[in-house]
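For the record, in the sequence shown the residue sitting at position 3 is 3 according to the UniProt record's numbering, with numbers rising by one throughout.
We put the beta carbon where it would ideally sit given N, CA and C, even for glycine.
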Amino acid sequence: MASAKADLKFKRELIGAVAQKEGPQVYEDSKSQLLSIIKSGLEIKESVDEIEGGTAEQILRADMTPSISLEVALRTVQWVSEACRGRMAPLVDEDLVLLLEGALGHRSHASREAAFYLAASLATSLAEAEKNSHDGLVCFGDMLLERLAAGLADEWSPVRLAASVAVRKFLCALPDKSRKQFYPILLPRMCLNRYYEAEGVRIYSQETWRQVTGALGKDLVTQNMTHVVDFYCKSAIADCHSMREAACSCISEVATKIPAEAVRPFVPRLLDALLVGFNDDNWLVRDAACLACGNMAASFPSLCKSSLPTLLPLFYRNLQDVIPTVRAGAASALAGVARAPDVNVLKQILDQAHQGLRGLEKQPKEKQNENKQGVMSSMTPRMSRTGSMDHKICRPSQPWELADGCVMLLMELSRVQKATTAVADILPTLAQACRLRHFSAHLNFLETVCRNLPKIAKGLGRKIFKPHMDAFFDPIFYSLESENSFTSSAASQCLNQLSSLIGPDILRGRVEASCPQNLKHLDANLFIAAY
């Protein structure tokens, strides 16, 4: 791999040096040969299809050899263009652009990647040559628009990144007035790539968005809302799980950041797209869809009110998902729904939390290795979408996982003003659940409690929380002394945060009165925390 990169760099520098010295004449002298190689590479499909009944080796050789030549030819033209810059513009004729268009849709991802980098280089050359008029660049964009759009949604991340480079070079070279005609097609794809899973694509797209739209991003999305919604809904059912996840995140962004009057006509359609994501085999998609539905219901309560009988059971199902992140997302979504005005579901949500905590008693005993194996298998991302209501490839959720999700739900609800009293009433049930240690995952449950208890205390306020605090000392100190490093660390941080919230002297006095045997552990923990 390192040798191939070094060889590529050497060829690039060599061709670039020759082109800088000789100018565009280098391309003119070899134009017919380069275009002939590109044309031959584009005929790969026909040559492969003619091999009927051939061996896999024959088909692979027929497939790869022209593709490699095509990639080399495309990169050669790219390097010459980069060296000549504006001097290359007069040679960007219809023959080259038409062949480039075909290469942008080639079956080989390496050839597509090379073609997009060539498109980026040619766009730069045209922009430098046309100081006052941009007619040539606009015509170039018109011819390649559909290919650029397809590249921004390519399933191969390197190709998607190369297409992003080409689109940035192209749009940034155009004045604002000329860009507008390309926004309906390119803007939705640029917007979605800001949430794409591949880090390189995501970061590059975020910077492209800043450079192209400036402070007008929201306005441009609003102006092209129909095209944006069409692409988001299409992406929500794409074969690529990264596309589905990004689409759900983008729909969530639309619900929270775009003016309500622009989004309102599309709410039913966006909700339908998100409901598909709820049943995805990939937990990342399920989590993103859940959060987006919660934001949609919180932002448009009147429009989503009729959908709550469908949404709430899905939220509850995610609340007991085998993936902790999905449970946390469901808790956040339910709190958002409870916070919305004119939506009377708070009592139902609180009842669910109460029942989930009480249901921990039904958690069966299991061997440690069985639980660990189930958790590890559930962490594997799922690559397909099934639309099934039960994820057969995941193990069924257990009562402790529902109780774990209910702890997160109480934390989220403690920040909802109208729910604080009811949340405080459930704290005794939570404290009782913390004393159940007959199952191997009880330390995982206690870790969640320790991480969220200070947040619950802060949300409820000192006055409401203090009467319930003593009931949690036993599980906190049990967790502190456990051999599980994550649980012990969470308990240590819990004590420190409670000390900051209530006061170290008050906390020490309450521990001394309630469980004096744990006073030494409290002092030791506070001493360690100081360092």
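Quiz prompt | Between the CA atoms of D351 and K362 - distance to the nearest angstrom | solution = On the sequence shown, residue 362 is found 362 positions in, with the first residue counted as 1. On the sequence shown, residue 351 is found 351 positions in, with the first residue counted as 1. Their Cα atoms are separated by approximately 17 Å.
Quiz item: Run through DSSP, which three-state label would D505 get?
Solution: Locating residue 505 in the sequence shown gives position 505, where the first residue counts as 1. Under the three-state reduction of DSSP output, D505 falls in the helix class.
Quiz item: Taking Cβ to Cβ, would you say A246 is nearer than 8 Å to Y195?
Solution: Here the question's residue 246 lines up with position 246 in the sequence shown. Here the question's residue 195 lines up with position 195 in the sequence shown. Between A246 and Y195, the C-beta gap is smaller than 8 Å, which places the two residues in contact.
Practice problem: Could you name the residues of the same chain whose beta carbon sits closer than 6 Å to that of D154, not counting the 5 residues immediately before and after it, in chain order? | Solution: Here residue 154 is taken as the residue at index 154 of the sequence shown, counted from 1. The residues are R160.
Quiz item: Closest to S414 by CA distance: which of A331, T487, A17 is it?
Solution: Start at 1 with the first residue of the sequence shown, and residue 414 comes out as number 414. Among A331, T487, A17, the Cα nearest to that of S414 is on A331.
Self-check item: Closest by C-alpha distance to L126, when choosing among V97, R112, E101, A150
Solution: Taking the first residue of the sequence shown as position 1, residue 126 is located at position 126. The residue with the shortest Cα to Cα distance from L126 is V97.
Quiz prompt | Integer Cβ distance of R462 from L495, believed to fall under 8 Å | solution = The count along the sequence shown starts at 1 and reaches residue 462 at position 462. The count along the sequence shown starts at 1 and reaches residue 495 at position 495. With a Cβ gap of about 16 Å, R462 and L495 do not count as contacting.
Practice problem: Could you check the C-alpha separation between K520 and Q355 for me, to the nearest Å? | Solution: By one-based count along the sequence shown, residue 520 stands at place 520. By one-based count along the sequence shown, residue 355 stands at place 355. Straight-line Cα distance between these residues: approximately 36 Å.
Quiz item: From A150 to P188, what distance separates their C-alpha atoms?
Solution: Working through the sequence shown from its first residue, we reach residue 150 at position 150. Working through the sequence shown from its first residue, we reach residue 188 at position 188. Each residue's alpha carbon lies about 12 Å from the other.
Practice problem: Could you name the residues of the same chain whose beta carbon sits closer than 8 Å to that of L42, not counting the 5 residues immediately before and after it, in chain order? | Solution: What you label residue 42 is simply residue 42 of the sequence shown in a count that begins at 1. Excluding sequence neighbours, L42 sits near L70, L99, G102, A103, H106.
Practice problem: Would you please state the rounded distance, in angstroms, between the beta carbons of L148 and A163? I believe it to be under 8 Å. | Solution: In the sequence shown, counting from the first residue as 1, residue 148 sits at position 148. In the sequence shown, counting from the first residue as 1, residue 163 sits at position 163. Contact holds; Cβ gap of about 6 Å.
Quiz item: Going by DSSP, what residues sit across from D342 in a beta bridge?
Solution: Taking the first residue of the sequence shown as position 1, residue 342 is located at position 342. D342 has no beta-bridge partner at all, per DSSP.
Quiz item: Since N295 is in the alpha helix (DSSP H), which residue starts that stretch and which ends it?
Solution: Here the question's residue 295 lines up with position 295 in the sequence shown. Going by DSSP, N295 is part of the alpha helix (DSSP H) stretching over 283-299.
Practice problem: Please report the residue range of the alpha helix (DSSP H) in which Q432 lies. | Solution: To locate residue 432, count along the sequence shown from 1; it is residue 432. Per DSSP, Q432 is one residue of the alpha helix (DSSP H) stretching across 420-433.
Quiz item: Is D176 helix, strand or coil when you go by DSSP?
Solution: If you number the sequence shown from 1, residue 176 lands on position 176. Helix.
Quiz item: Can you list, in chain order, the residues of its chain whose CB lies under 6 Å from that of A490, leaving out five sequence neighbours each side?
Solution: Within the sequence shown, numbered from 1, the residue matching residue 490 stands at position 490. Correct list, in chain order: E447, C450, R451.
Quiz item: Mapping DSSP to helix, strand and coil, what is E130?
Solution: Position 130 of the sequence shown holds residue 130. It is coil, neither helix nor strand.
Quiz item: Okay, do the region 398-415 and the region 304-319 touch, 3+ Cβ pairs below 8 Å being the bar?
Solution: With the cut-off at 8 Å, the region 398-415 and the region 304-319 touch.
Quiz item: What are the start and end residues of the alpha helix (DSSP H) that includes I38?
Solution: Along the sequence shown, read from residue 1 onward, the residue named residue 38 stands at position 38. Unbroken alpha helix (DSSP H) run through I38: 25-42.
Quiz item: Is A288 near C240, with beta carbons less than 8 Å apart?
Solution: Mapped onto the sequence shown, residue 288 falls at position 288. Mapped onto the sequence shown, residue 240 falls at position 240. No, Cβ-Cβ distance for A288 and C240 is not below 8 Å.
Quiz item: With 16 as the cutoff for other CB atoms within 10 Å, does K169 come out buried or exposed?
Solution: Looking up residue 169 in the sequence shown gives position 169. That one is buried.
Exercise. Mind listing, in chain order, the continuous alpha helix (DSSP H) runs of no fewer than 4 residues lying wholly within the region 479-524?
Key: Listed in chain order, the complete alpha helix (DSSP H) runs (minimum 4 residues) inside the region 479-524 are 485-502, 504-514.
Quiz prompt | Between the CA atoms of R510 and N295 - distance to the nearest angstrom | solution = Locating residue 295 in the sequence shown gives position 295, where the first residue counts as 1. Locating residue 510 in the sequence shown gives position 510, where the first residue counts as 1. Taking the straight line from one Cα to the other gives about 40 Å.
Quiz item: Short check: CB of A17 to CB of V80, under 8 Å?
Solution: Position 17 of the sequence shown, counted from the first residue, corresponds to residue 17. Position 80 of the sequence shown, counted from the first residue, corresponds to residue 80. It is not a contact, given that the beta carbons lie outside the stated cut-off.
Quiz item: So, L409 versus A340, is the Cβ gap smaller than 8 Å?
Solution: Position 409 of the sequence shown, counted from the first residue, corresponds to residue 409. Position 340 of the sequence shown, counted from the first residue, corresponds to residue 340. Result no, Cβ atoms of L409 and A340 do not sit closer than 8 Å.
Quiz item: Near M379, what residues of its chain come up, given a Cβ to Cβ distance below 6 Å and the 5 sequence neighbours on each side ignored?
Solution: As a position in the sequence shown, residue 379 is number 379, starting the count at 1. Its pLDDT being 44, under 50, M379 is placed unreliably by the model, and the measurement read from it follows with that caveat. None.
Quiz item: According to DSSP, is K257 helix, strand or coil?
Solution: For the purposes of this step, residue 257 is taken as residue 257 along the sequence shown, with counting starting at 1. When secondary structure is reduced to three states using DSSP, K257 falls in the helix class.
Exercise. Compare the C-alpha of T226 against each of F266, E82, S40, V201 and name the closest.
Key: Numbered from 1 along the sequence shown, position 226 holds the residue referred to as residue 226. The option with the nearest alpha carbon to T226 is F266.
Quiz item: What residue does the alpha helix (DSSP H) around A403 start on, and which one ends it?
Solution: By one-based count along the sequence shown, residue 403 stands at place 403. In this chain, the alpha helix (DSSP H) harbouring A403 covers 399-413.
Exercise. Could you pull the start and end residues of the alpha helix (DSSP H) that W156 belongs to?
Key: In the sequence shown, the residue the question calls residue 156 occupies position 156. From DSSP, W156 is part of no alpha helix (DSSP H); its letter is neither H nor E.
Practice problem: Kindly indicate which residue of L284, V345, K257 has the alpha-carbon position closest to the one of A328. | Solution: Start at 1 with the first residue of the sequence shown, and residue 328 comes out as number 328. Measuring from the Cα of A328, the nearest candidate turns out to be L284.
Self-check item: Of the listed residues Q320, A338, I464, nearest to P399 (C-alpha basis)
Solution: One-based indexing of the sequence shown puts residue 399 at position 399. Checking every option, the nearest Cα to that of P399 belongs to Q320.
Quiz item: Beta carbon of V337, beta carbon of A297: below 8 Å?
Solution: Position 337 of the sequence shown, counted from the start, is the residue given in the question as residue 337. Position 297 of the sequence shown, counted from the start, is the residue given in the question as residue 297. For the pair V337 and A297, the CB atoms are nearer than the 8 Å cut-off.
Self-check item: Contacts around I37, its chain only, beta-carbon distance under 6 Å, and the 5 residues preceding and following it disregarded
Solution: Against the sequence shown, residue 37 aligns to sequence position 37. Within the same chain, I37 has close Cβ partners S69, A73.
Exercise. Can you give me the Cβ contacts of residue 550 inside the same chain, cut-off strictly under 8 Å, excluding the 5 residues immediately before and after it?
Key: For residue 550 there is no data in the structure shown, the boundaries of the chain being 1 and 531.
Quiz item: With 16 other CB atoms within 10 Å as the buried threshold, where does H438 fall?
Solution: Counted from its first residue, the sequence shown places residue 438 at position 438. Around the Cβ of H438, a 10 Å sphere holds fewer than 16 other Cβ atoms; the residue is exposed.
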